[in-house]
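S.K.:
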Amino acid sequence: MVISNGMKTNSFYITTTLPYVNAPLHVGHALEFVRADTIARYKKLVGYDVYFNAGTDEHGIKVYEKAKEKNIKVQDFVNQGFETFKEQLKMFGVSENVHFIRTTDEHHQSAAQEFWKRVFKNGYIYKKNYEAKYCIGCESEKTNSELENNECKEHPGMKISVINEENYFFKYSAFGDKLLDFYEKNPNFIVPGFRFNEIKTFVKNELQDFS
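Its first residue numbered 1, the sequence shown is counted upward by one per residue in full-length UniProt numbering.
1. Output the distance between the C-alpha atoms of Phe92 and Thr56, rounded to the nearest integer angstrom.
2. Short check: CB of Glu139 to CB of Gly60, under 8 Å?
3. Between the C-alpha atoms of Ser173 and Gln208, what's the straight-line distance to the nearest angstrom?
4. How big is the Cα-Cα spacing for His99 and Glu83?
5. Can you give me the C-alpha to C-alpha distance between Ile136 and Ser161, rounded to a whole angstrom?
6. Tell me, please, whether the region 8-19 touches the region 36-53 by the rule of three or more beta-carbon pairs shorter than 8 Å.
7. DSSP on Ile101, reduced to helix/strand/coil?
8. Can you find the residues in the same chain that come closer than 7 Å, C-beta to C-beta, to Ile199, ignoring five residues on each side of it along the sequence?
9. Starting from Phe175, trace the beta strand (DSSP E) both ways and give me its first and last residue.
10. What whole-angstrom Cβ distance do Glu148 and Met158 have, given they're in contact under 8 Å?
11. By how many angstroms is the C-alpha of Glu141 removed from the C-alpha of Asn22?
12. On the three-state DSSP scale, how would you describe Asn164?
13. Run through the UniProt domain "Methionyl/Leucyl tRNA synthetase" (12-147) for me and flag every whole alpha helix (DSSP H) of 4 or more residues, listed as ranges in chain order.
14. Would you identify the three-state DSSP class for Phe182, choosing helix, strand or coil?
15. Below 8 Å between beta carbons: does that hold for Ile125 and Phe169?
16. Report the residue from Glu146, Tyr20, Gln88 and Asn164 whose alpha carbon sits nearest the alpha carbon of Asn129.
17. By how many angstroms is the C-alpha of Arg195 removed from the C-alpha of Val94?
18. Roughly how many whole angstroms lie between the Cα atoms of Asn97 and Glu166?
19. Helix, strand or coil: how does DSSP classify Phe189 here?
20. Output the distance between the C-alpha atoms of Pro24 and Gly81, rounded to the nearest integer angstrom.
21. Label Leu89 either buried or exposed according to how many other C-beta atoms from any shown protein chain fall within 10 Å of its C-beta, with 16 as the threshold for buried.
22. Can you give the beta carbon distance from Val50 to Tyr64, rounded, assuming they're within the 8 Å contact cut?
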């Protein structure tokens with residue numbers, strides 16, 4: 001979870017991760033949402049203008065494959081998954097003062113498309129051929145240091161796919177200095193501190209363009 005003080009005075013923003021809807025939430029999700037809700041409630045009690053964000057990631061290979069397995073349309077599948085998600089949050093006792101986001105929402109899609117257009121226009125998106133090791137379980141590429149016996153440490157026993165294709169890349173490496181400068185000027189942007197330190201170390205040493 002990432003928690004940040006907003007740029008407005010007395011504002012506070014907190015977000016959970018957006019879990020995939022291919023399966024119900026588990027105890028790890030419960031811990032994350034309850035902790036985030038606890039912090040959001042506390043900040044509201046002491047006078048902050050709180051924006052608590054949570055929602056569902058309804059794209060990706062895992063979601064598509066699960067819908068195909070159940071022989072239903074993907075949109076129908078993710079609609080069911082979102083309703084289950086909301087019911088489970090109620091069961092966890094999470095506050096109703098949550099801003100829900102679905103990656104299939106029209107406003108989310110239009111915002112993502114607008115972001116792409118602006119970034120592409122400014123030269124921060126480009127195409128190139130590449131080869132990468134990909135974990136379907138994580139829905140992300142993996143470096144050799146993240147693998148053990150050529151398996152993802154988070155999903156042992158799941159086969160790692162090797163992708164070789166032309167794809168679009170975001171020029172993330174162009175923002176390293178700007179990010180570090182921002183972090184220096186906003187020392188409370190992310191808490192707890194050890195997570196902030198992890199992010200700063202990543203930006204200093206491992207920031208790469210990504211697909």
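Note that CB positions come from ideal geometry on N, CA and C, so glycine has one too. Every value quoted in this text rests on a predicted model; they were computed, and no experiment measured them.
M.R.: The structure says:
1. 16 Å
2. yes
3. 5 Å
4. 15 Å
5. 8 Å
6. yes
7. strand
8. Ile190
9. Looking at the DSSP string, Phe175 is not in any beta strand (DSSP E), and its letter there is neither H nor E.
10. About 12 Å; that fails the 8 Å criterion.
11. 20 Å
12. strand
13. 27-45, 61-70, 74-92 and 106-121
14. helix
15. yes
16. Asn164
17. 24 Å
18. 43 Å
19. coil
20. 7 Å
21. buried
22. Between Tyr64 and Val50 the Cβ distance is about 35 Å, and since that is not below 8 Å, they are no contact.
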